[in-house]
Amino acid sequence: MCGILFCKVLDKTLHEAYDIHELLTLSLEKMQYRGRDNVALKEFKGFYFGHARLAINGLNESGNQPMEDDRHVLLFNGEYYNYKERCHGFESDTQALFHYLKSDPGGGSSIDGPYGYAWHDKETGETIFRRDVFGEKPLYYYMDSKVFLVASTLKSIVCIVNGLGGKVGLNIDALRFDYVLSGFIREPETVWKEVFEIPPGCSLIFTRDEVVLKRENFQLFCGRDREMSDSYFRNSFLSRDVEAALLLSSGVDSSYLLLKSVESNVELSLVTYGNDDGKGEVGEVEKNLTLMNLDERAYQYSALINNASDRKSLAEELEYYANIMEQPTADGLQVCRLLKHLKEKFPKLKVVYSGLGGDEIFGGYPSFRNFNLINTLVFFPGSDVVVSRMRRFIDGKRILGEWNVLVYYFLYRTDPAFVDLSEPERLRTSYERFKKGVHDALPVESLEKYACHSGMQIKFCELFDYCKNQLLRDMDNISIYNGLEARVPLLNPYFLEAPVDKKKGLKDYVKSKSKISFGRKKGFSVLDQDCSDIYEASLYKNRDMLENVLGEEVSSKFSSLDTGSLRKFSVLSEWLQINVCMSEAGLVAK
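Each residue of the sequence shown is one higher than the one before, counting from 1 in full-length UniProt numbering.
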């Protein structure tokens, strides 16, 4: 887990007007939270390569970057889980990837693990930027007449553009059409105008003064391969030279990962979030652990209790959260609280595993369970009178003029307060943006292949909309800010076409290996009780900015929103206050 920075100055007169090296050094400081073990900047014939390293594999200097020889330069953020199987004799996965790409520059998409990397050919000047199939690692790009930039952080790009005398405008459309309805901004757009994210499973190829976006052939959509999926799990646990912990709940996902780690014969700390009252799932987890008879030396267990008396006020937490986030996002506040506390208690920890991905891959969310019922009720006139929650689906169907699985899923994840017959264009525009984001990340043939399988279509939507734009983005941003690499082995590419069986396969596996029982997750929900006053205070102190950005028709609804929606706009309020200012060019990045 690291941060990468690439810069090519297109306007040569800038070298006379600005100290480019000093500016890029400053931009790397904005990125340094992504890795403090080594920070470096190199230049070769007008190409600049910067890197901030969080050392996970190969802890000596041989893994430092940028990595180069006479012909190539590599910048790598991520993990090459299976590098020891494919490339023998290397001390780090970065060295192995460098060797692999030298022999097969187009083959990097077949490595196991999450990544965002840059591969530069010194002879041709061509640079390939590639991102993993799920989009676990961020990779942003910007291009104007002056400069071409690619980076792991938006803050670094903003720093460079501002430093060259430019301005980066706020992407108001993304906030009005994505954030208002969904609580996040959909790729490939970002919160800043003209700054984009390379879609998952794609490469961006820079040759001289032009860029081409290309979808990679990952060959992952070929059904479930048990041997390869087991190898992926095993290597995700083995591929590290630092201390790691598993966030263990009483649910099936993390229990499954625990058993897989035991099979892999690794040492792993186990941590359960005890919630603020000290209870949460601790009792259920401790009971399960006694039934598993684990080696306590290899699997040391701790309960993470976040006492309210020791915690900052929610208002302070909101400000802290907004300050560390690259983009505003509604649901990461509790993850921020958890990972910050985890790092404080275990300062040597560098890798954290979670069960994220299980609900998306195997159909654990209510969005899977509720489809058949809603798909029936939406065609019954007056069903919204009997079941009030049907209103958004009936009104949404009327506004969008169609009904299918994608419409259902989109409306399911949309804030019902903004499915409004009086504002149909907001919903229509948001829906088109949603479809583009899913299609950009997923080959069309995959949706066509499962055109008659609602569960698989919902799976793809969960993976390449909510998971990609909210959960993975939050987990990456928050974990790395706390010096942690987040690993989510259940986002296993060899499970992509696994049956949507409501986790029956996972449960059967766990039950066959142990006598544990499954509880209901309690520790990872956002604590919104008695918080409305704090959220409202945040909204109203920055109401003018919110109204300017979102429009009066949105701000006029604040007083009638539920606590979850209030939190969403409160986070945005704090984020705007920290990152945005008014200029002659309009609302721009500070």
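Note that beta-carbon positions come from the ideal geometry of N, C-alpha and C, so glycine has one too. Model, not experiment: these values are computed from the prediction.
- According to DSSP, arginine 86 shares a beta bridge with no other residue.
- By the neighbour-count definition (other C-beta atoms within 10 Å, threshold 16), leucine 576 is a buried residue.
- In this model, asparagine 162 and lysine 193 are separated by some 14 Å (Cα to Cα).
- Taking the Cα positions, serine 383 is about 56 Å away from valine 147.
- Judged by pairs of C-beta atoms under 8 Å, the region 345-363 touches the region 455-475, as three or more such pairs exist.
- Non-local C-beta neighbours of proline 489 in its own chain, meaning closer than 8 Å and more than five positions away in sequence, comprise Tyr232, Phe233, Ser236, Phe237, Leu257, Lys260, Tyr353 and Gly357, ordered along the chain.
- For valine 351, the secondary structure class from DSSP, reduced to helix, strand or coil, is strand.
- By the Cβ test, the region 290-302 is not in contact with the region 537-546, since fewer than three Cβ pairs between them sit closer than 8 Å.
- In the DSSP assignment, asparagine 482 forms no beta bridge with any residue.
- Serine 512 counts as exposed, since fewer than 16 other C-beta atoms from the protein chains shown sit within 10 angstroms of its C-beta.
- Counting other Cβ atoms within 10 Å of its Cβ, leucine 421 stays below 16 and is therefore classed as exposed.
- Threonine 376 counts as exposed, since fewer than 16 other C-beta atoms from the protein chains shown sit within 10 angstroms of its C-beta.
- As the crow flies, the alpha-carbon of phenylalanine 393 is around 57 Å from that of arginine 71.
- A distance below 9 Å separates the beta carbons of glycine 251 and phenylalanine 518.
- Methionine 582 sits in a strand when the DSSP states are folded into three classes.
- With a 10 Å radius around the Cβ and a threshold of 16 neighbouring Cβ atoms, isoleucine 399 comes out buried.
- Per DSSP, reduced to three states, the secondary structure at tyrosine 320 is helical.
- Proximity of the region 163-172 to the region 407-416 falls short of the contact definition, fewer than three beta-carbon pairs being nearer than 8 Å.
- Around the Cβ of proline 105, a 10 Å sphere holds fewer than 16 other Cβ atoms; the residue is exposed.
- Under the DSSP assignment, methionine 143 falls outside any alpha helix (DSSP H), being part of the beta strand (DSSP E) whose first and last residues are 140-143.
- Counting along the chain, the unbroken beta strand (DSSP E) around alanine 245 starts and ends at 244-247.
- A straight-line Cα-Cα distance of about 45 Å links serine 269 and glycine 125.
- Here the C-alpha atom of glycine 113 lies approximately 26 Å from the C-alpha atom of proline 328.
- Restricted to the region 28-74, the beta strand (DSSP E) segments that are unbroken, complete and at least 3 residues in length are 38-44 and 47-53, listed in chain order.
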